[in-house]
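Protein chains in written order, with our numbering: chain X, 633 to 1219; chain S, 112 to 468.
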């Protein structure tokens, strides 16, 4: 298939826009994801300003929010909309499509030794559906009644009834349509990843020789295929309730002086359907980041990843457990308390494979020869926030303790550290590490260092104090806490958090500058700048269709022969045959 | 004004970072020939050292936060099961801090200690089944303990048995306020449904079915009163969207779901007055009043009214996003001695009295 492509001449449109080449599609995903990320982060800075200086007038609100900020004071409805769209963009558009879409597309064919994805056409359609859903989501920001504002979980009846709030009008319809298209895109992508990994591995690339990145992308795709359709069904049922008078999620409602006709439905059913995707989604976001970390950490530590088998086993264990823990978001939803016990049990079990991963990462660093490139720093940072954020999961996953911290800022702190910041670090680690492969140039390392250190300090500066606000009992999604004098003493913490958030936001501009500048003017990359073992570094720097000019290299060893005794160099690429008398490590 | 200044400072800090990195970049070009953009020994060295500094930073921010903001945490639980919850909370926290301190130390210390040097080679160390076993089995045992403890407590909290001693109270949620309904002398709440809300010209605030005799002596109020030392069984309802009845001081929370009745129960162990007298609460209220006094100064300067001094009261907050005024959906809770509670309840208007008016 690759050979056919080499013949016809490429036009601008087939090369840059409707491209079927996985490397170009990866770049398209990355750039779209980054644009959505800029919007999502900017929104968080806006509502952080409101939280630190509640009901204060800001010129920037008037400029950006227009009629939603009369005299520069943010309206409560738009606060909820900002929170909702921030969550949606970051979770789905940046950390699912932007992270998984970019690196699964780039690395799966390159690291397993394939000319392209199993279906280039499906891959292209997948990206363009993602693009379409992004456009619809952004368009929803500009409708008359405002964008969706029911929280990113859009629980009905709030999300189902346009009478309940302005943000449940046309904005919500567009949100649902956008997400339905997004899910279709994600499913097409995932199926492609699964088929490619199973069928297109080069000679010698057995499953036990796969780099951990590929294991992570492969398992992530499986979780996606299992759980995303359930969210699609929830979205479709919600569309039915909104538009066609059905009562899947609604019953006994009186609103705006009127008794509605809905009978017999249950919002709790929606919560089950939503979280059946919603929780695996956490791992859809996190596993690719962990996969990237495994690869970047081992390469830069010049050491094999510690416990390859245990790492694969823990990915599989996390994937399996992730599909049976969704109820821990619903301990106090009114579901049977016995189910709470079951979900507490399964939830805390997931700490075990997570702990194994963390310990293995730490041991990988031990007695290494750490090359502290920016990508490596972000990987170490990921392990740090993964531990800090993961540990508080022990409290939230315990139904007894969840009663009092549920839906408080404690939860916000927890999931931002363990999945938000960690996955973002994974994304950055991937960009710094594979930028040479994507664009043929290097990112500037000093800007990378500034980016990392400012971000790392600010990430803890933002989310560590947030645990205290939560433990003080302040609910999340509050437009301000001025209605409660009891919370007056939290005001200075909120100011500290916002200042750190603004500095963190500024630090991302450094990255953005580095990214754009380096695409055009970065130092030209050599073929294998990080002296890495995996196959993508055996391809030429200039992208070509089919990836390798000649035959695809055979694979003779696992991906982690770093600093192997008896070897001259501290790395031995997978394509290098075993020397006479050399034994492959039994892993 | 301070906000504007702070914002300006932040912008300037952002610009400063940008400029410093530019200078960095330019000076780098001049001074060395190594522009491969791959970390060299110098980079490894200073970033490794910063890793160690970062470890100190993590410890610092932890200790500083506790020192500076330890007093904002919820005070001691005002319900019987709440003390059990708090004990489990502190055990979990102790464990978390222990693990956090050790793992962050190892992670950052290794990053510092093994920072790369040209003349150094990493140890080829790929596997150790014994180690893997150890750090699988330790979490298994620890978590098994926590799970058992947690489940035992959870079951005892959530296993609500109807009994004659308990007080039954309905919490009724709507955009954006709370109401409470007491069962009256017959100790049975009358049937209710949103269909009845428009009866009696809107006086039927929670939709009681007037044909059910059990409902006639029900009492509907806007301020929740609870007797100390007696079990209270809450029945939650909502008329429009999801709400959540969150009573942080009692370690109690349950969602209010349209179309179904949810339950939670606890026994208040402290009256409002007793809570006000505790040392922690006195200190907290003083601090809050100092803040309010300072804020009032600016308000007065702008020709507005000063803030009222604050006095502690237990709170019921809405903790499930429910619309624009979600952030101000609250009800005051008063816990008092049984005698005072009974006096208060006797003075309230019953449903029968309301609809006869």
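Ideal Cβ positions, reconstructed from N, Cα and C, are used throughout, including at glycine.
Are the CB atoms of residue i and residue j nearer to each other than 8 Å?
i, j, result
"residue 350 of chain S", "residue 282 of chain S", "no"
"residue 253 of chain S", "residue 206 of chain S", "yes"
"residue 448 of chain S", "residue 382 of chain S", "yes"
"residue 898 of chain X", "residue 876 of chain X", "no"
"residue 261 of chain S", "residue 1030 of chain X", "yes"
"residue 673 of chain X", "residue 1137 of chain X", "yes"
"residue 300 of chain S", "residue 329 of chain S", "yes"
"residue 1039 of chain X", "residue 1108 of chain X", "yes"
"residue 336 of chain S", "residue 452 of chain S", "yes"
"residue 925 of chain X", "residue 986 of chain X", "no"
"residue 1141 of chain X", "residue 157 of chain S", "no"
"residue 1064 of chain X", "residue 1052 of chain X", "no"
"residue 693 of chain X", "residue 675 of chain X", "no"
"residue 343 of chain S", "residue 331 of chain S", "no"
If you draw a straight line from the C-alpha of residue i to the C-alpha of residue j, how long is it?
i, j, result
"residue 923 of chain X", "residue 849 of chain X", "7 Å"
"residue 131 of chain S", "residue 1106 of chain X", "39 Å"
"residue 429 of chain S", "residue 367 of chain S", "10 Å"
"residue 163 of chain S", "residue 176 of chain S", "20 Å"
"residue 936 of chain X", "residue 843 of chain X", "11 Å"
"residue 255 of chain S", "residue 245 of chain S", "15 Å"
"residue 721 of chain X", "residue 810 of chain X", "11 Å"
"residue 191 of chain S", "residue 1005 of chain X", "54 Å"
"residue 704 of chain X", "residue 1160 of chain X", "52 Å"
"residue 781 of chain X", "residue 396 of chain S", "35 Å"
"residue 716 of chain X", "residue 800 of chain X", "12 Å"
"residue 956 of chain X", "residue 981 of chain X", "11 Å"
"residue 909 of chain X", "residue 432 of chain S", "20 Å"
"residue 1098 of chain X", "residue 1130 of chain X", "11 Å"
"residue 1034 of chain X", "residue 1178 of chain X", "52 Å"
"residue 793 of chain X", "residue 354 of chain S", "15 Å"
Any idea which residues DSSP pairs residue i with across the strands?
i, result
"residue 347 of chain S", "S:282, S:373"
"residue 354 of chain S", "S:367"
"residue 447 of chain S", "S:338"
"residue 1073 of chain X", "X:1156"
"residue 429 of chain S", "S:356"
"residue 332 of chain S", "S:291"
"residue 319 of chain S", "S:303"
"residue 1110 of chain X", "The partner list for residue 1110 of chain X (beta bridge, DSSP) is empty, contrary to what the question assumes."
"residue 461 of chain S", "S:330"
"residue 226 of chain S", "X:1002"
"residue 891 of chain X", "X:886"
Does any residue of chain S have a CB that is nearer than 8 Å to the CB of residue i?
i, result
"residue 638 of chain X", "No answer about residue 638 of chain X holds up, because its pLDDT of 47 lies below 50 and its placement is not dependable."
"residue 1173 of chain X", "no"
"residue 720 of chain X", "no"
"residue 1215 of chain X", "no"
"residue 969 of chain X", "yes"
"residue 1165 of chain X", "no"
"residue 1123 of chain X", "yes"
Any C-beta of chain X sitting closer than 8 Å to the C-beta of residue i?
i, result
"residue 163 of chain S", "no"
"residue 431 of chain S", "yes"
"residue 369 of chain S", "yes"
"residue 250 of chain S", "yes"
"residue 149 of chain S", "yes"
"residue 365 of chain S", "yes"
"residue 385 of chain S", "no"
"residue 154 of chain S", "yes"
"residue 453 of chain S", "no"
"residue 471 of chain S", "Outside the modelled stretch of chain S, which goes from 112 to 468, sits residue 471 of chain S, for which no answer is possible."
"residue 277 of chain S", "no"
Given the structure, does residue i come close to the ligand COA, in the sense that its CB is under 7 Å from one of the ligand's heavy atoms?
i, result
"residue 392 of chain S", "In the structure shown, the ligand COA is absent, as is every other ligand, since no ligand is present at all."
Segments of 4+ residues assigned as alpha helix (DSSP H) that fall wholly inside the segment 823-888 of chain X:
844-875
Can you give, in chain order, each stretch of the beta strand (DSSP E) that sits fully within the segment 233-311 of chain S and has at least 3 residues?
278-285, 288-293
Quick one: which unbroken alpha helix (DSSP H) runs of 4-plus residues sit fully inside the segment 666-695 of chain X? Chain order, please.
none
Restricting to runs no shorter than 4 residues, where is the alpha helix (DSSP H) found entirely within the segment 380-442 of chain S?
383-388, 390-412
Length at least 4, wholly inside the segment 1112-1191 of chain X: the alpha helix (DSSP H) runs in chain order
1123-1153
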